[in-house]
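Okay, so the sequence shown: first residue is 1 according to full-length UniProt numbering, each after it adds one.
Okay, so here's the structure we're looking at.
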Amino acid sequence: MVKGTTSTGFKFSYDKRLLDDWRIMEAIAYADSPDNMKRVKGTADLITFLLADNKDALMEHIKSYSDGFIPTEALRKELFEILEQAKELKNS
Numbered sequence: 001m002v003k004g005t006t007s008t009g010f011k012f013s014y015d016k017r018l019l020d021d022w023r024i025m026e027a028i029a030y031a032d033s034p035d036n037m038k039r040v041k042g043t044a045d046l047i048t049f050l051l052a053d054n055k056d057a058l059m060e061h062i063k064s065y066s067d068g069f070i071p072t073e074a075l076r077k078e079l080f081e082i083l084e085q086a087k088e089l090k091n092s
C-alpha cells in the first residue's frame, strides 16, 4: 500500500500494484497529451483508477481551499503530486 500527503494536506493511499497497471500507464499518457479532450479523459481515468474510494475526498479537499470550486489546474496539481511521490517510491 502506498500512502502519502500532498503539499496541500490531502492524505491518500492506494494499492502499490496500480503503479504497474496498464490502465494507469495509458491514463498517464492521455493526461499528458497536448489534446485537451484526451488530457481531460486521462486525468479523469487516473483519478478513478488510482484513488477509487478516495476520489470524493480529493474533490472535497480541493473545494475546501478553492472557495467551493474544483479548478482543473488544482486537480491536476494534486494528482501529479500523488504520482510524483509514487515515482520517488518506485525509484527508491
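Just so you know, even glycine gets a beta-carbon here, dropped at the ideal spot from N, CA and C.
Since the structure is predicted, the reported quantities are computational estimates derived from the model, not experimental observations.
Beta carbon of I70 nearer than 8 Å to that of K77: No, Cβ-Cβ distance for I70 and K77 is not below 8 Å.
In whole angstroms, what is the alpha-carbon distance linking R17 and L58? If you take the alpha carbons of R17 and L58, they lie about 21 Å apart.
Boundaries (first-last residue) of the alpha helix (DSSP H) holding T6: Careful: T6 lies outside any alpha helix (DSSP H) and carries neither H nor E.
Residue from A27, T43 and E81 with nearest C-alpha to F10: It is E81 whose Cα lies nearest to the Cα of F10.
Would DSSP call F49 helix, strand or coil? Three-state DSSP puts F49 in a helix.
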